[in-house]
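Scroll down for the structure; my scribbles are underneath it.
Numbering (this note's numbering), first residue to last: 279 to 887.
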């Protein structure tokens, strides 16, 4: 028989009362009769109680406390908005931004609710008054020096905003009056009623390219969020997007971006029902309702249509037609279709004469309609080469339409450089249809007098358009929109093609002596250099601008174009072997892709942006 020694059964220590050794080893602490636990006794260690370091969870705020905090924040926000609407003076701003000394005569450890509210209001006010380019933020304690700095920053920001509004009104809208801003319209009104439009105005009027790029990225993010995510459809978004499209070459490039933006603009016009009579809805009953497919709205349904159409909406409709028609030449997207509402918009704007610029917008819309008709003939010819030959029949009717539009213009408009640019560009597009006529399949080819007449009429229009572009002064050059730049690119490339055209009856030397394409390249490059120098004097900056890149790439293009002209002279063949270029290769570079020249692509329409 074996004898077993008696064992003592200990008791586990309560939760939180384990010794230091067992607590570190994360094992059960079993107490003994003595002063040591089983583990410490077995290991021969000192059994010391562990330090209590347990933390209590913070008590969750009650719903009443959270409600009180929210009410305090709303109160601060209301105070901030009231301060902005009331246009405080410099002294008032100093009183708001300074810390009152009579709030508490005796300093305490915890700030009072009044001091916390004042601090929140002061921080929010500083953030609203700080311009975009400033990186400094206000702190809780505001010294007199920081008060003066905040007031100066506010004054500079207000002066810059007023200058941007004045620049946009006097320079950009003079070139393309897509909206009307009266002299009474203030920055505060635009910021409050048209925030997205105002952001685009700031982007195109900001002189530093780096800031323009940052604002351009911000605009694109807002477009994606508010249109695609929040499904917003508003006149503010449409006007801002039209401004973005008109002068986007300052801070955004790429045909995919332009095509997407123009498609969004067209969809906004449709969603806002600007292309339909005011106050109309599909019939809910009756025999006509049978032919309507009533589909529920996937986003917020527009409000009930107004009984009348505002002039602001009419201008947006016409401006969208003009822009999408021009951009369709490089993006291959369909332009807006001309409809009865555009005729109605032209009639109303012409009758009411709310502003002098409405007459200019109406003229641009009418000219763009003729240009779009000419572009449609070439576009259809690109899709069906057999339709190009009969297209010459329509040249005479298009010329008559353009003459009718010209006869409707006043003497002042006929001297307007923007109108002249559109007129010359339309005339070039009408006559260049003859450039794409397919050669006859017969071996005996007769001399096509009509075709050569149209081609010769194209040269003076090109020369007049390029001379008009070079005559723009500094302010007009700065305010020129995307359409003016595209018209210049189109005209000079058609001139280059005419200078290289191989045909027994075509005198290339006569064309080059009338309008030398290489000379125009150098003149436009010098004009862009001058625009860059004017910008440097105004901004005192050394950044690279769109004018710098344009001048460099124009000069790089000149040797390549000279080589192609020499090659055309060397490849010219006499007699019956007529070297008329095929229609598809001609149209592929001249109209549908006339922005793909390296210099124009890099400056205004990079595909790799």
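Note that the Cβ used here is the ideal one computed from N, Cα and C, for glycine as well. These numbers come from a predicted model, not from an experiment.
With a Cβ-Cβ cutoff of 9 Å, do residue i and residue j count as a contact?
{"i": "residue 648", "j": "residue 680", "result": "yes"}
{"i": "residue 553", "j": "residue 617", "result": "yes"}
{"i": "residue 805", "j": "residue 846", "result": "no"}
{"i": "residue 513", "j": "residue 590", "result": "yes"}
{"i": "residue 547", "j": "residue 516", "result": "yes"}
{"i": "residue 760", "j": "residue 435", "result": "no"}
{"i": "residue 472", "j": "residue 518", "result": "yes"}
{"i": "residue 676", "j": "residue 684", "result": "no"}
{"i": "residue 698", "j": "residue 744", "result": "no"}
{"i": "residue 673", "j": "residue 712", "result": "yes"}
{"i": "residue 290", "j": "residue 307", "result": "yes"}
{"i": "residue 456", "j": "residue 597", "result": "yes"}
{"i": "residue 639", "j": "residue 600", "result": "yes"}
{"i": "residue 511", "j": "residue 550", "result": "yes"}
{"i": "residue 607", "j": "residue 653", "result": "yes"}
{"i": "residue 793", "j": "residue 741", "result": "yes"}
{"i": "residue 605", "j": "residue 764", "result": "yes"}
{"i": "residue 889", "j": "residue 487", "result": "Because the chain is modelled from 279 through 887, residue 889 falls outside the range shown and cannot be assessed."}
{"i": "residue 788", "j": "residue 770", "result": "no"}
{"i": "residue 700", "j": "residue 624", "result": "no"}
{"i": "residue 637", "j": "residue 613", "result": "no"}
Going by CA-CA distance only, name the one from the options that's closest to residue i.
{"i": "residue 642", "options": "589, 673, 702", "result": "702"}
{"i": "residue 492", "options": "678, 819, 529, 458", "result": "529"}
{"i": "residue 888", "options": "588, 653, 635", "result": "The structure shown does not extend to residue 888, since the chain is modelled only from 279 to 887, so the question has no answer here."}
{"i": "residue 328", "options": "352, 305, 347, 295", "result": "295"}
{"i": "residue 440", "options": "468, 457, 454, 453", "result": "468"}
{"i": "residue 827", "options": "815, 817, 810", "result": "810"}
{"i": "residue 656", "options": "614, 691, 706", "result": "706"}
{"i": "residue 695", "options": "740, 682, 748", "result": "748"}
{"i": "residue 635", "options": "355, 449, 494, 342", "result": "449"}
{"i": "residue 438", "options": "470, 463, 485, 462", "result": "485"}
{"i": "residue 714", "options": "658, 766, 689, 740", "result": "658"}
{"i": "residue 816", "options": "791, 756, 783, 770", "result": "756"}
{"i": "residue 470", "options": "509, 288, 360, 762", "result": "360"}
{"i": "residue 823", "options": "311, 474, 490", "result": "490"}
{"i": "residue 288", "options": "303, 305, 311", "result": "311"}
{"i": "residue 795", "options": "689, 304, 738", "result": "738"}
{"i": "residue 807", "options": "791, 829, 818, 614", "result": "829"}
{"i": "residue 540", "options": "352, 347, 586, 611", "result": "611"}
{"i": "residue 586", "options": "613, 555, 615", "result": "555"}
{"i": "residue 844", "options": "814, 825, 801, 790", "result": "790"}
{"i": "residue 477", "options": "350, 292, 495, 353", "result": "495"}
{"i": "residue 784", "options": "347, 734, 689", "result": "734"}
{"i": "residue 782", "options": "814, 316, 462, 849", "result": "849"}
{"i": "residue 479", "options": "461, 509, 462, 524", "result": "524"}
Which whole-angstrom value describes the C-beta separation of residue i and residue j, a residue pair presumed to lie in contact below a C-beta threshold of 8 Å?
{"i": "residue 544", "j": "residue 609", "result": "Rounded, the Cβ-Cβ distance is 12 Å, inconsistent with contact."}
{"i": "residue 459", "j": "residue 451", "result": "7 Å"}
{"i": "residue 736", "j": "residue 768", "result": "Wrong, their Cβ atoms sit about 12 Å apart, outside the cutoff."}
{"i": "residue 453", "j": "residue 758", "result": "6 Å"}
{"i": "residue 483", "j": "residue 522", "result": "Going by Cβ atoms, the distance from residue 483 to residue 522 rounds to 13 Å, so no, they are not a contact pair."}
{"i": "residue 497", "j": "residue 481", "result": "6 Å"}
{"i": "residue 595", "j": "residue 619", "result": "6 Å"}
If we define contact as Cβ-Cβ less than 9 Å, is residue i a contact residue for chain C?
{"i": "residue 309", "result": "No chain C is present in this structure, which holds just one protein chain."}
> Unbroken alpha helix (DSSP H) runs of length 4 or more, entirely within the segment 730-771: which are they?
Replying inline: Those alpha helix (DSSP H) runs which fall completely within the segment 730-771 and span 4+ residues are 752-757.
> Taking contact to mean at least 3 C-beta pairs separated by less than 8 Å, is the segment 319-327 in contact with the segment 291-304?
Replying inline: Here the segment 319-327 lies against the segment 291-304, with 3 or more beta-carbon pairs under 8 Å apart.
>> Measuring CB atoms only, is the segment 728-736 touching the segment 744-752, in the sense that at least three cross pairs come out at less than 8 Å?
In response: no
> Can we say the segment 770-779 touches the segment 836-845, given the rule of at least three CB pairs closer than 8 Å?
Replying inline: yes
> Do three or more CB pairs link the segment 501-510 to the segment 827-834 at distances below 8 Å?
Replying inline: no
> Hey, which unbroken runs of the alpha helix (DSSP H) at 4 residues or more fall wholly within the segment 432-486?
Replying inline: 465-471, 473-483
> In the segment 757-838, which residue ranges form an unbroken alpha helix (DSSP H) of at least 4 residues, counting only runs that do not cross its ends?
Replying inline: 760-778, 786-792, 795-817
>> As an exercise, report each continuous alpha helix (DSSP H) stretch of at least 4 residues that is fully enclosed by the segment 612-659, in chain order.
In response: Entirely contained in the segment 612-659, the alpha helix (DSSP H) runs reaching 4 residues are, in chain order, 618-630.
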